[in-house]
Amino acid sequence: QLKELHLIPSDDPEIMTRFNDKCLVNIARGFPLLTSLTIGGTSITMQGLVNIATSVKNLHILSVIKGPPLTITTVDLLVPPAFSSLTTLSLTHTRMSPQAVVKFIDTHDNLFKLQMIVCISDYYQGPDISTTQISKYERIIDNLKVIMKHSSYSDIFNLKEE
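Here you go:
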């Protein structure tokens, strides 16, 4: 039985939209014993992540690239028993709010690493990003940095800004 599956998304927009929730359902059904999974794509939604979280019960490492935004509300869908075996969550160009980071860490006892790699285009799109958007993004990053320095989270949470 396959234990690791790494489907690195392409920068090709057409390919990024082809990898979707249906693919995640097929992965969850076909490979329920996965321990490590890398997925990504702009057509993945929270429902797709929930399918993985509830069906792939032995998943220890999950890497999500350009996935759906994780907010305090959507993280509620991913609390144990979903992802109860997860030890590492790596988010690359996948937004996660500061409140969601805290809740995810607090609700996943086995988690020892949550890593985020972000840039402003993960939060705001378009050629003309306003000063208001820049300011909001900087506040989000500042809040994430505060979490990273907090004694309860400093050993688990890591943020890299590109």
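Residue numbers (my numbering): 196 to 357. Idealized CB from N, CA, C, for every residue including glycine.
Compute the distance between the beta-carbons of residue i and residue j, then report whether it is under 8 angstroms.
i      : j      : result
Pro365 : Ser258 : Only positions 196 to 357 of the chain appear in this structure, which leaves residue 365 out of reach.
Val359 : Thr302 : Residue 359 cannot be examined here, being either before or after the span of the chain that is shown, 196 to 357.
Leu309 : Ile351 : yes
Pro293 : Asn338 : yes
Thr269 : Gly236 : no
Ile312 : His288 : yes
Val297 : Ile342 : yes
Tyr348 : Tyr332 : no
Pro204 : Ile260 : yes
Can you tell me whether DSSP reads residue i as helix, strand or coil?
i      : result
Ser250 : helix
Gly235 : strand
Leu228 : coil
Report the CB separation of residue i from residue j in whole angstroms; it is logged as a contact under 8 angstroms.
i      : j      : result
Leu284 : Asn305 : Actually they are not in contact, since the Cβ atoms of Leu284 and Asn305 sit about 11 angstroms apart, beyond 8 angstroms.
Ala223 : Thr266 : Actually they are not in contact, since the Cβ atoms of Ala223 and Thr266 sit about 23 angstroms apart, beyond 8 angstroms.
Thr230 : His201 : Between His201 and Thr230 the Cβ distance is about 12 angstroms, and since that is not below 8 angstroms, they are no contact.
Asp216 : Gly243 : 4 angstroms
Keeping to the same chain, check which residues put their C-beta closer than 8 angstroms to that of residue i; ignore five residues upstream and five downstream.
i      : result
Val245 : Leu272, Leu273 and Ala277
Phe307 : Thr282, Thr283, Asp350 and Ile351
Lys355 : Gln310, Met311, Ile312 and Val313
Can you name, in chain order, every residue of its own chain whose Cβ lies under 7 angstroms from the Cβ of residue i, other than the five neighbours on each side?
i      : result
Ile300 : Leu306, Leu309, Tyr348, Ile351 and Phe352
Looking only at its own chain, which residues have a Cβ that is under 6 angstroms from the Cβ of residue i, when we skip the five neighbours before and after it?
i      : result
Gln196 : Leu228
Glu357 : Cys314
Quiz prompt | Continuous alpha helix (DSSP H) assignments of at least 4 residues falling wholly in the segment 252-298 | solution = Listed in chain order, they are 267-270.
Practice problem: May I have a chain-ordered list of the alpha helix (DSSP H) segments no shorter than 4 residues that lie completely inside the segment 301-345? | Solution: Every unbroken stretch of the alpha helix (DSSP H) spanning 4 or more residues and falling wholly within the segment 301-345 is given here in chain order: 315-318 and 326-344.
Exercise. Tell me the start and end of each unbroken alpha helix (DSSP H) in the segment 196-225 that is at least 4 residues and wholly inside, in chain order.
Key: For the segment 196-225, whole alpha helix (DSSP H) runs of length 4 or above, ordered along the chain, are 208-213 and 216-225.
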